[in-house]
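Student:
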Amino acid sequence: MTRNNGIVTTKTLKEPLNIRRIAEEAGVSVSTVSRFLSGSPKVKDKTRTRIHRVVEKYDFRPNMLAQSLARGQSNIIGVLAMEIANPCTHQVIQGIVSGCLDTKYTALTAFIEPQVPIEKSALNMLVSIKPSGIIVLSEPEAESPEFVEQLANLSETRNIPVVLAGDREGNTRLDCVTYDSRLVGYTATRHLIENGFEPVGCITGSLRSLNGRLRYEGYREALVDANITYNQELVYEGHFRKIDGYQGLHHFHRIGKIPRSIFCCNDYTAIGVYLAAEEIGLRIPEDFAVIGCDNIDLTTLVRPKLSSLNFDNAKNGESLVELLLKRIESPDSDICKILLKPSVIQRDSTMQTR
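Note that the sequence shown covers residues 8 to 361 in my numbering.
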């Protein structure tokens, strides 16, 4: 501080603290400070100590993104996701963040709309900061063919590896971590059969989507293995929405074909079944049992509590990071697909009461 005619003023720094000023105060070259900040072993211990004292004195935080961009690539893993309100998406993102903790990489998440023109998309924003790789959490059925093609081109021509959460129809160009959707349908249906809830109906996801079709195929395979005749009247096609479960149960009731149990291809569909059951006057599980998929938080809040297939979404996120890091290290290795298995969480909705 200085005094000027009795007025106290405070001097401010003429310029923000930067590498050049650190070099001046430490009595070393700018290139030596740069090597120190990048962790180079070429900096002598005595010199490293002098620079470290200056950095600590001013609590200096280098702009790591700017440094990475100057090198031609950042240590950022871009994460593209569509469903910001989906609890499963958040669990996967938490797993991705956890998977990055012991690495030099940081996850940066952007939420996208695949139908937005490419030049305006969050994908291009991530590409502009030169990420080391990108993880895609978007819903396959909501993606345009052009969007998927752009992802593959990034991996093949821009040297930006891309890993998918969930497989895509005909995908042979990108690594992916996905749940075994056929096993999902099979396991849920076997659970209902083994607990004595026959016949088993199904409210599917969209059969135009790979995920929905595989879960439905798993349902049918479980019937075959249990020597149960398939009945088309006990199947209602939905689109993974709550309204589909609501309309599906009303449909079964209208045609007089309420099954003893219903496999719903996700938990939101099952919640819709609950709403319709209350309107119709049916009891779960006394009149029919219900099982969903995803094991979202709502499964323990509804009454009766909903049985569901559980996916370890945090583990999924960690596996996505692990697969991406392998691709970064070995860009020419064969395309890899990791299948994760579900587990049944039994609750009141599939407990036998009679």
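Where a beta carbon is used, it is the ideal one built from N, C-alpha and C, also for glycine.
#1: Is Val231 helix, strand or coil when you go by DSSP?
#2: To the nearest angstrom, how far is it from the Cα of Thr194 to the Cα of Arg227?
#3: So Gln359 and Gly203 are supposed to be a Cβ contact under 8 Å. How far apart are they, rounded?
#4: Here's the rule I'm using: 16 or more other beta-carbon atoms within 10 Å means buried, otherwise exposed. How should Leu221 be labelled?
#5: Within 10 Å of its beta-carbon, does Gln353 have 16 or more other beta-carbons around it, so buried, or fewer, so exposed?
#6: Would you call the segment 279–288 and the segment 320–331 touching, i.e. three or more CB-CB distances under 8 Å?
#7: Nearest to Thr179 by CA position, among Asp187, Tyr186, Val169, Ser188, is which residue?
#8: Fully enclosed by the segment 181–263, which alpha helix (DSSP H) runs are 4 residues long or longer?
#9: Determine whether the beta carbon atoms of Arg261 and Pro206 lie at a separation below 8 Å.
#10: Ignore the nearest five residues each way along the sequence and tell me which others in Asn160's own chain have a CB closer than 7 Å to its CB.
#11: Going by DSSP, what residues sit across from Ala117 in a beta bridge?
#12: Measure the alpha-carbon distance for Leu308 versus His59 and round it to whole angstroms.
#13: CB-CB under 6 Å to Val37, same chain, minus the five flanking residues each way: which ones, in chain order?
#14: Apart from the five residues just before and just after Lys21, which ones in its own chain have a Cβ nearer than 7 Å to its Cβ?
#15: Within 10 angstroms of the Cβ of Glu126, are there 16 or more other Cβ atoms? Answer buried if so, exposed if not.
#16: Check the Cβ-Cβ distances between Tyr65 and every residue of chain B, and say whether any is below 8 Å.
#17: Can you tell me whether Glu286 is buried or exposed? The criterion is at least 16 other CB atoms within 10 Å of its CB, across all chains shown.
#18: With H, G and I counted as helix, E and B as strand and the rest as coil, what does DSSP make of Lys333?
#19: Can you say whether Ser350 is buried or exposed, counting buried as having 16 or more other CB atoms within 10 angstroms of its CB?
#20: Name the residue from Glu176, Ser213, Val62, Gly106 whose alpha carbon lies nearest to the alpha carbon of Cys272.
#21: Tell whether a beta-carbon distance below 8 Å holds between Leu181 and Leu158.
#22: Please look up how many angstroms separate the CB atoms of Leu87 and Leu144, rounded, as I've assumed it's under 8 Å.
#23: How many whole angstroms separate the CB atoms of Asp274 and Ser340, which I take to be in contact at a CB cut-off of 8 Å?
#24: Taking only heavy atoms of the ligand FAD into account, decide whether any of them is closer than 7 Å to the Cβ of Glu240.
#25: What does the alpha-carbon distance come out to for the pair Ile250 and Leu256?
#26: On the three-state DSSP scale, how would you describe Gly34?
#27: Among all the DSSP beta bridges, which residues are the ones paired with Ala296?
#28: With DSSP as the reference, label Gly177 as helix, strand or coil.
#29: Between the Cα of Asn218 and the Cα atoms of Ala229, Arg189, Gln239, Tyr243, which residue gives the shortest distance?
#30: Helix, strand or coil for Gly140 per DSSP?
#31: Kindly indicate which three-state DSSP category Glu126 falls into: helix, strand or coil?
#32: Under a Cβ-count criterion, where at least 16 other Cβ atoms within 10 Å of its own Cβ denotes burial, should Gly34 be classed as buried or exposed?
#33: Are Glu244 and Thr211 close, meaning C-beta to C-beta below 8 Å?
Tutor: According to the data block:
#1: By one-based count along the sequence shown, residue 231 stands at place 224. In this structure, Val231 counts as helix in the three-state DSSP scheme.
#2: As a working note, residue 194 is residue 187 in the sequence shown. As a working note, residue 227 is residue 220 in the sequence shown. About 11 Å.
#3: Taking the first residue of the sequence shown as 1, we reach residue 359 at position 352. Taking the first residue of the sequence shown as 1, we reach residue 203 at position 196. Rounded, the Cβ-Cβ distance is 6 Å, consistent with contact.
#4: Numbered from its first residue, the sequence shown carries residue 221 at position 214. Counting the other Cβ atoms within 10 Å of the Cβ of Leu221 gives 16 or more, which makes it buried.
#5: For the purposes of this step, residue 353 is taken as the residue at position 346 of the sequence shown. By the neighbour-count rule (16 or more Cβ atoms within 10 Å), Gln353 is not buried but exposed.
#6: Judged by Cβ distances under 8 Å, the segment 279–288 makes no contact with the segment 320–331, as fewer than three pairs qualify.
#7: The residue labelled residue 179 in the question sits at position 172 within the sequence shown. If we check each option's Cα against that of Thr179, Val169 comes out closest.
#8: Fully enclosed alpha helix (DSSP H) runs of 4 or longer: 188–201, 217–232, 249–261.
#9: Working through the sequence shown from its first residue, we reach residue 261 at position 254. Working through the sequence shown from its first residue, we reach residue 206 at position 199. No. Outside cutoff.
#10: Position 153 of the sequence shown, counted from the first residue, corresponds to residue 160. Nothing listed; no residue qualifies.
#11: Working through the sequence shown from its first residue, we reach residue 117 at position 110. For Ala117, which the question treats as bridged, DSSP gives the partners Leu87.
#12: As a working note, residue 308 is residue 301 in the sequence shown. As a working note, residue 59 is residue 52 in the sequence shown. Cα-Cα distance, rounded: 53 Å.
#13: As a working mapping, residue 37 is identified with position 30 in the sequence shown. Taking C-beta separations shorter than 6 Å and ignoring five residues to either side along the sequence, the partners of Val37 in its chain run Ile26, Arg27, Ala30, following chain order.
#14: Indexing the sequence shown from 1 puts residue 21 at position 14. Caution applies to Lys21, whose pLDDT of 46 falls short of 50 and renders its modelled position unreliable; the value that the coordinates give is listed next. Contacts found: none.
#15: In the sequence shown, the residue the question calls residue 126 occupies position 119. Low confidence applies here, because Glu126 scores a pLDDT of 48, under 50, leaving its location unreliable and the question unanswered by this model.
#16: Checking the listed chains, one finds no chain B in this structure; it contains a single protein chain.
#17: Numbered from 1 along the sequence shown, position 279 holds the residue referred to as residue 286. Looking at its Cβ environment, which holds fewer than 16 other Cβ atoms inside 10 Å, Glu286 is exposed.
#18: As a first step, residue 333 must be located in the sequence shown, where it is residue number 326. Correct three-state label for Lys333: helix.
#19: By 1-based counting over the sequence shown, the position of residue 350 is 343. An exposed status is given to Ser350, since fewer than 16 other beta-carbon atoms sit within 10 Å of its beta-carbon.
#20: Locating residue 272 in the sequence shown gives position 265, counting from the first residue. It is Ser213 whose Cα lies nearest to the Cα of Cys272.
#21: Your numbering for residue 181 matches position 174 in the sequence shown. Your numbering for residue 158 matches position 151 in the sequence shown. In this structure, Leu158 lies closer than 8 Å to Leu181 by Cβ.
#22: On the sequence shown, residue 87 is found 80 positions in, with the first residue counted as 1. On the sequence shown, residue 144 is found 137 positions in, with the first residue counted as 1. Between Leu87 and Leu144 a beta carbon distance of about 6 Å is seen, short of the 8 Å cut, so the two are scored as contacting.
#23: What you label residue 274 is simply residue 267 of the sequence shown in a count that begins at 1. What you label residue 340 is simply residue 333 of the sequence shown in a count that begins at 1. Between Ser340 and Asp274 the Cβ distance is about 36 Å, and since that is not below 8 Å, they are no contact.
#24: Among the components modelled here there is no ligand, and therefore nothing to report on the ligand FAD.
#25: Along the sequence shown, read from residue 1 onward, the residue named residue 250 stands at position 243. Along the sequence shown, read from residue 1 onward, the residue named residue 256 stands at position 249. Roughly 10 Å separates the two Cα atoms.
#26: Stepping through the sequence shown from its first residue, residue 34 is reached at position 27. In this structure, Gly34 counts as coil in the three-state DSSP scheme.
#27: Here residue 296 refers to the residue found at position 289 of the sequence shown. Paired residues: Ser268.
#28: Translated into the one-based positions of the sequence shown, residue 177 becomes position 170. Reduced to three states, the DSSP call for Gly177 is coil.
#29: For the purposes of this step, residue 218 is taken as the residue at position 211 of the sequence shown. Residue nearest to Asn218 within the set Ala229, Arg189, Gln239, Tyr243 is Arg189 (criterion: CA-CA distance).
#30: Looking up residue 140 in the sequence shown gives position 133. Residue state, collapsed to three classes: strand.
#31: The residue given as residue 126 occupies position 119 in the sequence shown. Its pLDDT being 48, under 50, Glu126 is placed unreliably by the model, and nothing is read from it.
#32: Taking the first residue of the sequence shown as 1, we reach residue 34 at position 27. That one is exposed.
#33: As a first step, residue 244 must be located in the sequence shown, where it is residue number 237. As a first step, residue 211 must be located in the sequence shown, where it is residue number 204. Cβ atoms of Glu244 and Thr211: closer than 8 Å.
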